[in-house]
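Trainee:
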Amino acid sequence: MRFSRKAIVPLVAVVAIAGIALFGTRSTVTTGITPAVAQAPQFAPGTTMEKIAREGVLRVGTRFDHPGLSARNLRGEQEGYEIDLVRYIAGKLGVPADRIEWTEANSASREQLLQQDKVDVVVATLSINDKRRQVISFGGPYLDINNDLVTVKGNPKNITDPQTPNGVTVCSTLGGAVSASLRKNFPQTNLIEFDVSSKCIDALKNGSVDALATQGPIGAGYVSKDQKDIELINKPFAVESWGVGIAKGDVAFCEFLNSAITDYYSDGSAEEAWADSLGRYTKQQPVMPELQPCT
Numbered sequence: 002m003r004f005s006r007k008a009i010v011p012l013v014a015v016v017a018i019a020g021i022a023l024f025g026t027r028s029t030v031t032t033g034i035t036p037a038v039a040q041a042p043q044f045a046p047g048t049t050m051e052k053i054a055r056e057g058v059l060r061v062g063t064r065f066d067h068p069g070l071s072a073r074n075l076r077g078e079q080e081g082y083e084i085d086l087v088r089y090i091a092g093k094l095g096v097p098a099d100r101i102e103w104t105e106a107n108s109a110s111r112e113q114l115l116q117q118d119k120v121d122v123v124v125a126t127l128s129i130n131d132k133r134r135q136v137i138s139f140g141g142p143y144l145d146i147n148n149d150l151v152t153v154k155g156n157p158k159n160i161t162d163p164q165t166p167n168g169v170t171v172c173s174t175l176g177g178a179v180s181a182s183l184r185k186n187f188p189q190t191n192l193i194e195f196d197v198s199s200k201c202i203d204a205l206k207n208g209s210v211d212a213l214a215t216q217g218p219i220g221a222g223y224v225s226k227d228q229k230d231i232e233l234i235n236k237p238f239a240v241e242s243w244g245v246g247i248a249k250g251d252v253a254f255c256e257f258l259n260s261a262i263t264d265y266y267s268d269g270s271a272e273e274a275w276a277d278s279l280g281r282y283t284k285q286q287p288v289m290p291e292l293q294p295c296t
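As structure tokens, then:
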């Protein structure tokens, strides 16, 4: 999916890696789409799909603090566009929504969860890049997005990019693709990092930082929750693609996921999920991205 360069995105500051909050928890389901659940699906023996279908549980690493994408609400339920995608994939595997195990995955822990076999998939705003491909593989992408900045309302410092004007302090997530992009393309950025985006939002609102550098849909969610205090400056500075993280070299699982993502868009589920989540915050519409080959 391509997210327009007018997408909303908040700036985030991050200083330390906090541990994984909740591990392997399940939740009831009262929000989002209700995908069909395959009855006794058949997969080749020894594949990841066969194992998940046989055990009847899908283990997922995701965010708990990204409104509209992947967040835990006050009822303890996971909700958002990414969460609906996970439920759709689970349904293809014959796993009902209440048999999904959710583990919090921050920017620095996502690859580790897969490498340590703590989860089957990571669906957590995980950008596809060559560095990550050295240790994990990807299905998808399922969304193309822009990086942008979020400031306090009115952008009083007239920030136009991560290092203009000189001396502004920008926050982003430790170990994330946005931080890496800032270091590469805006080396003079005064960067502060936290383990989760929500801490950057707090720092922005209390004046500890001047902007949050993040990805468009993430920003859209945060701004929608606090329009009186923060805003998106609508000056994208990078384009990335989010994929479903899986164990390195699992080509069969990648091909299954690519097929599921294709169906997610073609049967209208993506549009329905978008309308119930990010569609509340932005006028953008979901467009299926070009899938990358499985290797």
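Start counting at 1 in the sequence shown, then tack on 1, and there's your number in the working numbering. We treat Cβ as the ideally placed atom computed from N, Cα and C, and that holds for glycine.
#1: What number of angstroms, rounded off, separates the C-alpha of Glu-78 from the C-alpha of Gln-228?
#2: Please report the straight-line C-alpha distance between Thr-215 and Cys-255, rounded to a whole angstrom.
#3: Could you please give the first and the last residue of the uninterrupted alpha helix (DSSP H) stretch that includes Cys-255?
#4: Note down, in chain order, each residue of its chain lying with its Cβ closer than 6 Å to the Cβ of Ala-91, except the 5 sequence neighbours on either side.
#5: Suppose the cutoff is 6 Å on Cβ atoms and the five residues either side in sequence are ignored; what does the same chain contact list for Ala-212 look like?
#6: Is the beta carbon of Ser-143 less than 8 Å from the beta carbon of Gly-57?
#7: Once the 5 residues before and after Ile-34 are set aside, which same chain residues still bring their CB inside 8 Å of it?
#8: In angstroms, rounded to a whole number, what distance separates the CA positions of Arg-134 and Lys-249?
#9: Taking Val-124 as the reference, give the member of Phe-65, Val-61 and Val-179 with the closest Cα.
#10: Just the C-alpha distance for Leu-233 and Gly-155, rounded to the nearest angstrom, thanks.
#11: Starting from Leu-205 and walking both ways along the alpha helix (DSSP H), at which residues does that stretch end?
#12: Going straight from the alpha carbon of Thr-63 to that of Ile-137, what length do you get?
Mentor: The structure says:
#1: 24 Å
#2: 27 Å
#3: 252 to 267
#4: Leu-59 and Ile-101
#5: Leu-12, Leu-150, Thr-152, Ile-160 and Val-171
#6: One point to set straight first is that residue 143 is Tyr, not Ser, in the sequence displayed. Taking 8 Å as the Cβ cut-off, Tyr-143 and Gly-57 do not qualify as a contacting pair.
#7: Asp-85, Arg-88, Tyr-89, Ser-270, Glu-273, Ala-274 and Asp-277
#8: 8 Å
#9: Val-61
#10: 10 Å
#11: 198 to 206
#12: 16 Å
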